[in-house]
Structure formats: C-alpha cells, structure tokens
Ligand code: FES
Ligand code: FES
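In this note's numbering, the protein residues as written are 181 to 342.
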C-alpha cells in the first residue's frame, strides 16, 4: 500500500506493508535519527512529532501516518544550523552517547511549542517517557530551560526590530 505523508516539510509517497510500524518506514526512508530502543513504547528513543504531538513511532502503525505532518530530529536542525534545543543539549553536556537525544529533543520541542515558559517540573513531566542511560537527567532539564530562555530572548529581540 501507499503512504502519503509529509516528513520534515517535504511530501513523500512511500510503499509500505499494511502492518509496517512507522519507525521502520522512517528509518528505511533515511531518517536514521529515529532510534530503536525498547520497541514497546517505553523508552522514547523513537519519538517523532505527528501533527505537533510527540508519538513513539515503534508503536505507531505507519498507515496511521497517512496525510499527517511528521517531524523527526533531522527536521529540527543540523550541525551548521542547530535548533536552539540541540545547541543547549550540547552546551549543557546533556549528550554523551547521544542515542536518546533525538527522542528527547522531540519531546522537548513539543513542550516548548505548547509551553514556551516551562518550569523544571514541566520539563520533567514532558521528558518523563525518554530514558537516558548515560547522563542522568539534571543536565537535560537544564538544557531545556536554557533553550526556553534563549528562545525568549530571540523573540524579544525580533519584536524589538519590528
Ligand atoms: S523504541 Fe519506541 S519507545 Fe522505545
Ligand atoms: S546520552 Fe546515552 S542514552 Fe542518553
């Protein structure tokens, strides 16, 4: 069957099996930032945004992504132009092996999109489903708060120029 979907702002028409999981389809399409961890919806490594909400792609049927807008970590930024969250993760030292980072970044982006001024508790709640075996969680929470602060400054200076 065909899957028509939008990934990181670009239209795709992909040939999929009816029982294919979204994680496999995305990885086969080249989005290797979508990581396989537990395969059962509990580690968050495979998280992507679907129509603005974080979803674990290992427990999402690819067919359910017909006509939706998907954001993977590749759509956030790149080494030349990192997203403010990616920069904050690097600056705060909250990336070590990096395996959990794509999913955590997606969860953090979903949080900041809906709540640009989160508290540490809000960040903890939002990243609750994203496991990290390396860094502990304190630096990651700091990173999201730093990114929120940096985005606030950017918004202010953009407003000031209008
Ligand atoms: S691989 Fe999907 S939640 Fe763990
Ligand atoms: S940085 Fe290694 S699992 Fe999180």
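Backbone N, C-alpha and C define an ideal beta-carbon position, used for all residues, glycine too. Since this is a predicted model, take the numbers as computed values, not measurements.
Kindly examine ligand 1 and report whether one of its heavy atoms sits closer than 7 Å to the Cβ of residue 211.
Not one heavy atom of ligand 1 lies closer than 7 Å to the C-beta of residue 211.
If you run the structure through DSSP and keep just helix, strand and coil, what is residue 187?
Strand at residue 187.
Opposing strand residues paired with residue 230 [DSSP bridges]
Per the DSSP secondary-structure output, residue 230 pairs in a beta bridge with 233, 250.
Do residue 213 and residue 254 have their CB atoms nearer than 8 Å?
In this structure, residue 213 sits near residue 254, with a CB-CB distance shorter than 8 Å.
Please return the same chain residues whose Cβ sits closer than 6 Å to the Cβ of residue 274, not counting the five positions on each side in sequence.
For residue 274, where only same-chain residues beyond five positions count, the Cβ hits under 6 Å are 315, 319, 320, 323.
Nearest residue (CA-CA) to residue 219, options 297, 204, 298
Relative to residue 219, the option among 297, 204, 298 whose CA is nearest is 204.
Taking one C-beta from the segment 302-310 and one from the segment 277-292 each time, how about it: are there three or more such pairs within less than 8 Å?
At 8 Å Cβ cutoff, the stretches touch.
So for residue 193, helix, strand or coil by DSSP?
It is a strand residue.
heavy atom of ligand 1 below 7 Å from residue 269 C-beta:
Flag unset: Cβ of residue 269 not near ligand 1.
Hey, would you say the C-beta of residue 276 is under 7 Å away from at least one heavy atom of ligand 2?
Indeed, a heavy atom of ligand 2 lies less than 7 Å from the Cβ.
Three Cβ pairs or more, each shorter than 8 Å: is that satisfied between the segment 185-202 and the segment 241-254?
Yes, the segment 185-202 is in contact with the segment 241-254.
Simplified DSSP state of residue 215, which is helix, strand or coil
Correct three-state label for residue 215: coil.
Does the beta-carbon of residue 222, which I'm using as the reference point, lie nearer than 7 Å to any heavy atom of ligand 1?
Residue 222 has its CB nearer than 7 Å to a heavy atom of ligand 1.
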